[in-house]
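**Q** Please read through the structure below; I'll follow up with questions.
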Amino acid sequence: MHASRSMIKNPTCVLFDATIALKASNEMVVLVLLLPSIITMTTHPHSIDDNPLLTRLGYNDACVTFDTKPAVYLALILYFGVCYFIFMHVVYSISRLKIEHEDDKRSNMPSGWRWFCNFSNVTYGVTAMTFSLCFMISPDESVWAHTLPFVLLMACRYFAFVAAFVEHKYIKNKVNEEESQFQQELLKYGSKRFMTIYGIATFAAPICWFLCYAEYDRACKGVAEGECTNYEYPVPPVLTAIFDYTWFFCLPLSPIFLPPNFLKPELMLLKYEPGIVFDNSLGARRAGVLPDISKLRRTVAENDESDGEEEV
């Protein structure tokens, strides 16, 4: 829970790296899956062996842990924290794009790609909200309506990550004090492989799910739930489970492989200082969470004075 503690203790740290909020959202996802599962195993232990998703897919998806009451109530409350951190990631990713657009020395991204990046980030935030429908619509009511919001979130999350790589591609002078040699090597050799695996899991898992749902509806039309004997899995359950759990395994790894698209502290101070409260404590500066804000203010003031002298 390191990222979550950092965000709570010092919310402004997200200004310098939006992926901190993404890491915090992933930590909250662990709580959403773990704590409700304890309640489910206590109140409805039989649901692990008998549920609509298991009947159609042949294995238990991770979401089965919070599909029962009262576990789903706790899961929904905890999910508010996931949404909050995702919004923080999205807002400051969009803010970074705006700053880069206004500063020609920072980025030369074409307008078409800038539109794609903004659209991807916005849809990621929107689908994070609509995912709450998964808690409101149980698989017993409709497996289609229960799964669709999750699939939309999966797809939009992936495209938001693609947008981060597009942004990084067009940033000028990427190699600086914030981007270590290790991060450069990781981005060069690891990120492409990760995004390939993550992309396959993102789109292959929903295809397998929907094929199973459609075949079950066809083979078991008019038959009561759990009493159908004509259904055969159109996709081997092992294959579907591999795609499914690969996607969940990629959740904690994704911030590691995202490019370090940092905001310049000087630009943040210059453009957003009136609405921001910085933690300028000595402990925060020594820990490397924030730079020395007083020095940055002096730097900005000196730059303003030099610009004024040149104009005169």
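Reading the sequence shown from the start, the letters are residues 75 to 386 in our numbering. Heads up, the beta-carbon is just placed ideally off N, CA and C, and yes, glycines get one too. All of these numbers come straight from a predicted model, not from anything done at the bench.
Ordered along the chain, which non-local residues of its own chain (more than five positions away) have a Cβ less than 6 Å from that of Pro-310?
**A** none
**Q** Using three-state DSSP, classify Ser-78 as helix, strand or coil.
**A** helix
**Q** Compute the distance between the beta-carbons of Leu-332 and Leu-96, then report whether it is under 9 Å.
**A** Yes, these two residues count as a Cβ contact at 9 Å.
**Q** Unbroken alpha helix (DSSP H) runs of length 4 or more, entirely within the region 157-227: which are they?
**A** Counting only runs of 4 or more, we get 185-204 and 207-210.
**Q** Alpha carbon to alpha carbon, how far is Gly-186 from Gly-273?
**A** 22 Å
**Q** Anyone know if the C-beta pair for Leu-148 and Phe-140 falls short of 9 Å?
**A** yes
**Q** So, under 8 Å CB-CB, Val-146 and Pro-110 are touching, yes? Tell me the CB distance rounded to an integer number of Å.
**A** 7 Å
**Q** Would you kindly report the start and end of the unbroken alpha helix (DSSP H) that includes Ala-95?
**A** 93-117
**Q** Mind the definition here: the region 284-291 touches the region 317-327 only if three or more C-beta pairs lie below 8 Å; say whether that holds.
**A** no
**Q** Quick check: the Cα distance between Ala-279 and Tyr-319, rounded to an integer number of angstroms?
**A** 9 Å
**Q** Should Met-203 go down as buried or exposed, given a rule of 16 or more other Cβ atoms within 10 Å for buried?
**A** exposed
**Q** By Cβ distance below 7 Å, which residues in the same chain neighbour Gly-199 in space, the five residues on each side in sequence not counted?
**A** Ile-160, Phe-161 and Val-164
**Q** Out of Ile-271, Cys-294, Leu-207 and Arg-231, which one is the CA nearest neighbour of His-220?
**A** Leu-207
**Q** By Cβ distance below 6 Å, which residues in the same chain neighbour Phe-233 in space, the five residues on each side in sequence not counted?
**A** Ser-194
**Q** Please return the same chain residues whose Cβ sits closer than 7 Å to the Cβ of Ala-237, not counting the five positions on each side in sequence.
**A** Phe-190, Cys-191, Ser-194 and Asn-195
**Q** So, for Arg-231: in the same chain, excluding its five sequence neighbours on each side, which residues have a beta-carbon less than 7 Å away from its beta-carbon?
**A** Tyr-198
**Q** What's the C-alpha gap between Pro-223 and Asp-135?
**A** 15 Å
**Q** Answer yes or no: do Phe-235 and Cys-282 have a C-beta to C-beta separation smaller than 9 Å?
**A** no
**Q** Does the Cβ-Cβ distance between Met-102 and Val-138 come in under 9 Å?
**A** no
**Q** Out of Ser-265, Pro-126 and Ser-78, state which residue places its alpha-carbon closest to the alpha-carbon of His-242.
**A** Ser-265
**Q** Using the C-alpha atoms, what's the distance from Met-228 back to His-120?
**A** 29 Å
**Q** Would you call the CB atoms of Ile-113 and Pro-144 closer than 9 Å?
**A** yes
**Q** Report yes if the C-beta distance between Trp-54 and Thr-276 is below 9 Å; otherwise report no.
**A** Missing from the structure shown is residue 54; the chain here goes from 75 to 386 and no further.
**Q** Roughly how many angstroms separate the alpha carbons of Pro-308 and Glu-299, rounded to a whole number?
**A** 18 Å
**Q** Can you tell me whether DSSP reads Gly-300 as helix, strand or coil?
**A** coil
**Q** Within a Cβ cutoff of 6 Å, which residues of the same chain sit near Ser-387, ignoring the five residues on either side of it in sequence?
**A** No answer is possible for residue 387: it lies beyond the span of the chain, which begins at 75 and ends at 386.
**Q** Nearest-angstrom Cα distance between Cys-294 and Ile-211?
**A** 21 Å
**Q** Cutting at 6 Å between CB atoms, please list the residues of its own chain near Thr-142, excluding the five before and the five after it.
**A** Closer than 6 Å at Cβ, skipping near neighbours: Thr-114, His-118 and Ser-121.
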